[in-house]
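Structure first, then comments.
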Amino acid sequence: MIAKQVNQKAWFMVLPVFLIVAFSAVIPLMTVVNYSVQDTFGNNVFFWVGFDWFRDLVHSPRFHQAFLRQLLFSGIILAIEIPLGIAIALTMPKKGWGVPLCLVNMALPLLIPWNVVGTIWQIFGRVDIGLLGHTLAAFGIDYNYTQDPIAAWITVVIMDIWHWTSLVVLLCYAGLCSIPDAYYQAARIDGASRWAIFRYIQLPKMHRVLLIAILLRFMDSFMIYTEPFVVTGGGPGNSTTFLSIDLVKLAIGQFDLGNAAAMSLVYFLIILLSSWIFYTVMSNVGEESSPTKEGGGA
Amino acid sequence: MASITLKDLAHSYRGESENPDDFALKKLNLTWRDGGAYALLGPSGCGKTTLLNIISGLLIPTRGQVLFNEQDVTRLPTEQRNIAQIFQFPVIYDTMTVFENLAFPLKNRGRTKQEIEPRVIELAGMLGLEKDLYSKAQHLTADAKQKISLGRGLIRKSVNAILFDEPLTVIDPQLKWQLRSQLKSLHKKFKFTMIYVTHDQTEALTFADEVIVMYGGAIVQIGTPEALFERPEHTFVGYFIGSPGMNILPCALKGNRATIDGIEIVLNQSYKAQPTGKIELGVRPEHLKLEAPGRDGLPVKILKIDDIGRHKIAKVALNNCQLSVIMPEMTALTGDMGTLVIDTRHANIYLDEHLVTGETL
Ligand SMILES: Nc1ncnc2c1ncn2[C@@H]1O[C@H](COP(=O)(O)OP(=O)(O)OP(=O)(O)O)[C@@H](O)[C@H]1O
Ligand SMILES: [Mg+2]
Chain U
1 MIAKQVNQKA WFMVLPVFLI VAFSAVIPLM TVVNYSVQDT FGNNVFFWVG
51 FDWFRDLVHS PRFHQAFLRQ LLFSGIILAI EIPLGIAIAL TMPKKGWGVP
101 LCLVNMALPL LIPWNVVGTI WQIFGRVDIG LLGHTLAAFG IDYNYTQDPI
151 AAWITVVIMD IWHWTSLVVL LCYAGLCSIP DAYYQAARID GASRWAIFRY
201 IQLPKMHRVL LIAILLRFMD SFMIYTEPFV VTGGGPGNST TFLSIDLVKL
251 AIGQFDLGNA AAMSLVYFLI ILLSSWIFYT VMSNVGEESS PTKEGGGA
Chain P
1001 MASITLKDLA HSYRGESENP DDFALKKLNL TWRDGGAYAL LGPSGCGKTT
1051 LLNIISGLLI PTRGQVLFNE QDVTRLPTEQ RNIAQIFQFP VIYDTMTVFE
1101 NLAFPLKNRG RTKQEIEPRV IELAGMLGLE KDLYSKAQHL TADAKQKISL
1151 GRGLIRKSVN AILFDEPLTV IDPQLKWQLR SQLKSLHKKF KFTMIYVTHD
1201 QTEALTFADE VIVMYGGAIV QIGTPEALFE RPEHTFVGYF IGSPGMNILP
1251 CALKGNRATI DGIEIVLNQS YKAQPTGKIE LGVRPEHLKL EAPGRDGLPV
1301 KILKIDDIGR HKIAKVALNN CQLSVIMPEM TALTGDMGTL VIDTRHANIY
1351 LDEHLVTGET L
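Taken in order, these protein sequences are the chains called U and P.
Read in my numbering, the first sequence has 59 at position 59, and its numbers run on one by one without any break.
Read in my numbering, the second sequence has 1300 at position 300, and its numbers run on one by one without any break.
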């Protein structure tokens, strides 16, 4: 038996990590916390207001609307991107020359910077010069994302699907590639239908990567800013003003620092909380315990 | 239930080709009797799995035909062949319980619950899975998982054949022995055609009525375990079967006299003038005797003696050739020289690796 030696010196080893975390996260966060409980009339003079900003925020219809819009947006893109990503991953070839071709094609949208994606779709959708907008107009379809909220939503949603479905595809594809041939062979011997193969072999093997995909896509879409800002600027009206766009309007447009700081914190906590809920729920779905408990997984 | 015939079968993973080296399975003709227990024995990469996959329809052969009772099924998909196959590593459906796993092949074929349930419970009992029947298969040990795989292979009663692809590799020896005898009794009871692939000669020899030895994509011998032991038709069979394998010594041959490294041995068969080729003499370690130096026989140098319990194995050198000799446990030998006595009734002659028979004198 090895006697446990208590050695406090080890704490010094952790010190650099503490410092990094302090500078990268805690200190900036504290300034926000600071603003969220104070008010100012300029001249760098602050006075304590307690939780007034938070109270304002949770009772503000503007925040409620932005929040609901945000939820709706994340819900829609998850509902489309996840099944679509799975479907595309299932049709991708497993070997041969098609593999690199598909992979490169899939990776391309992921490599384009956010604001470029926004710009592409901004121009693509324009009725006067954009390929999409102009073509639709030529077919007599009334599509104008700068005036019609529905068109604006469709544009923003399709843009996100175009930009990010690849991520889901690549993750699912990696999951699918890890399934040994023997599983498919056994399924054929057992007379399993295409659906049964998906349901009992492919889906369980993709379970883990899907969890990651949903989490990533949820968090990312919940924080989306650049692309809709470039395309619609939050409009028409406030119809595509998501939480982050609203926050920027508040903090920089109106310079409502207290309000904005309170909103930042709430925003952050919402994301933290929903990610945690997602993770807990997803890792319990379909199995009572994770493979780590049995010491090595399938 | 059906007999399975392979007609001019050959398979290349690179597609049709003129180059014989491309073929993982060289041309073969073979019939598996209905209800027979066959073992398919051979080294890694000799094409055993390829052959099974062709029978089960997972692979379509490049050339030739597969017949189930006279009916050509070469291009029939696996699902319609009514074949069970068990793979080397356990395949289980993670999200299902053990019961659902076992019931899966029946459920897919539209059997009713009333049919499925008693059958699953009966089989789980035979395999010793009853206590885990309603727990998730994912969390069981590798042994139990492989039993589930076996179970899914055995669950359908009227299959044409059950193909086992080294199913007991991952199972520990004690249980291996148990499962092996269980499979054997199941075979006796239900008379399904059974093809059992293995690396392990004891497994093959205890299991099968007939053993098929493959080497380099071709079948080198088909026979009962005794025939494989007594008269290997190919040097590979001699070497592969038996422990240690047959001693294969290059020699020159004239009539009934073989000359090994300048030492002449008189055989009990006479061979006609041989055409050119590689001539070798094969004799099993069981058919050699090591005696004190100076006796009648071949003088050899003793290199090493291993005691493996039931008997001793001596490694001896006859000039430049090395041989293994099996000696009874009690033999005592002193010194490092000895006399080798060959039981010439059991000495075989091979020409280019294939057995040739002479005339008995
Ligand atoms: N899918 C494949 N594509 C290309 N070549 C293959 C494929 N599967 C097997 N081979 C080749 O065919 C030959 C026979 O393989 P096979 O798997 O039938 O051997 P085996 O006797 O089952 O070996 P083992 O005892 O290792 O399982 C090997 O040389 C192997 O490399
Ligand atoms: Mg194999």
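Virtual Cβ for every residue (Gly too), placed ideally from N, Cα, C.
Interface residue (Cβ-Cβ distance to chain P less than 7 Å): U:Q202 is not classified as such.
Residues of chain U whose Cβ lies closer than 8 Å to the Cβ of P:Y1093 are, in chain order, Y200, I201 and P204. When C-alpha distances from P:L1025 are compared across P:T1031, P:W1032 and P:A1010, the shortest belongs to P:A1010.
In this structure, P:N1069 lies near P:A1002, with their beta-carbon atoms less than 7 Å apart. Look at U:G98: its C-beta is not under 7 Å from any C-beta on chain P. Taking 6 Å as the cut-off, the C-beta of P:T1049 counts as close to a heavy atom of ligand 2. Using a CB distance cut-off of 7 Å, P:P1061 does not count as an interface residue toward chain U. The region 68-85 of chain U and the region 231-249 of chain U touch, with three or more beta-carbon pairs separated by less than 8 Å. The alpha-carbon of P:D1094 is positioned some 17 Å away from that of U:G191.
Per DSSP, reduced to three states, the secondary structure at U:N105 is helical. Listed along chain P is no residue with a C-beta nearer than 7 Å to that of U:G175; the closest approach is about 13 Å. Contact annotation: U:L265 and U:S36 have beta-carbon atoms nearer than 7 Å. Residue side-chain check: P:Y1038 keeps its Cβ at 6 Å or more from all non-hydrogen atoms of ligand 1.
Taking 7 Å as the cut-off, the Cβ atoms of P:N1348 and P:G1282 count as close. Cβ atoms of P:Q1201 and P:L1041 come within 8 Å of each other, at about 6 Å. Against chain P, the CB of U:G118 has no partner CB under 7 Å away; the residue lies outside that interface. In its chain, beyond the 5 residues on either side, no residue has a beta carbon closer than 6 Å to the beta carbon of U:T280. A distance of 7 Å or more separates the beta carbons of U:W53 and U:A251. Close partners of P:R1109 in chain U (Cβ separation under 8 Å): G191. From the beta-carbon of U:Q122, no residue of chain P is found nearer than 9 Å; the closest lies around 45 Å away.
For U:V230, same chain residues with a beta-carbon under 7 Å away, outside a window of 5 residues either side, are N115, G118, T119 and Q122 in chain order. Cβ proximity to chain U below 7 Å picks out T1095, M1096, F1104, P1105, N1108 and R1109 from the region 1095-1124 of chain P. Restricting attention to beta strand (DSSP E) runs no shorter than 3 residues, the region 1031-1086 of chain P encloses them at 1037-1041, 1063-1068 and 1083-1086, ordered along the chain. Taking each of P:V1237, P:I1195 and P:L1163 in turn and checking the Cα distance to U:A186, the smallest one comes out for P:L1163. Beta-carbon to beta-carbon, P:V1197 and P:K1048 are separated by about 5 Å, close enough to satisfy the 8 Å threshold.
The beta carbon of P:S1185 sits no closer than 6 Å to any heavy atom of ligand 1. The three-state secondary structure of P:D1352, taken from DSSP, is coil. The residue from P:E1230, P:F1023, P:G1358 and P:A1208 with its alpha-carbon nearest to that of P:A1218 is P:F1023.
Residue range I1263 to Y1271 is occupied by the beta strand (DSSP E) that includes P:Y1271.
The beta carbons of P:P1285 and P:I1326 sit closer together than 7 Å.
In the three-state reduction of the DSSP assignment, U:I197 falls in the helix class, which pools H, G and I.
Residue pairing by DSSP places P:Y1215 opposite P:A1218 in a beta bridge. P:F1087 has a beta carbon lying within less than 7 Å of a beta carbon in chain U. The beta-carbon of U:R194 is placed no less than 7 Å from the nearest beta-carbon of chain P.
Within chain P, the residues whose beta carbon sits less than 7 Å from that of U:R188 are L1058, T1078 and E1079, listed in sequence order.
Using a Cβ-Cβ distance cut-off of 8 Å, the region 1139-1159 of chain P and the region 1121-1128 of chain P are in contact, since at least three pairs of beta carbons, one from each stretch, lie closer than that value.
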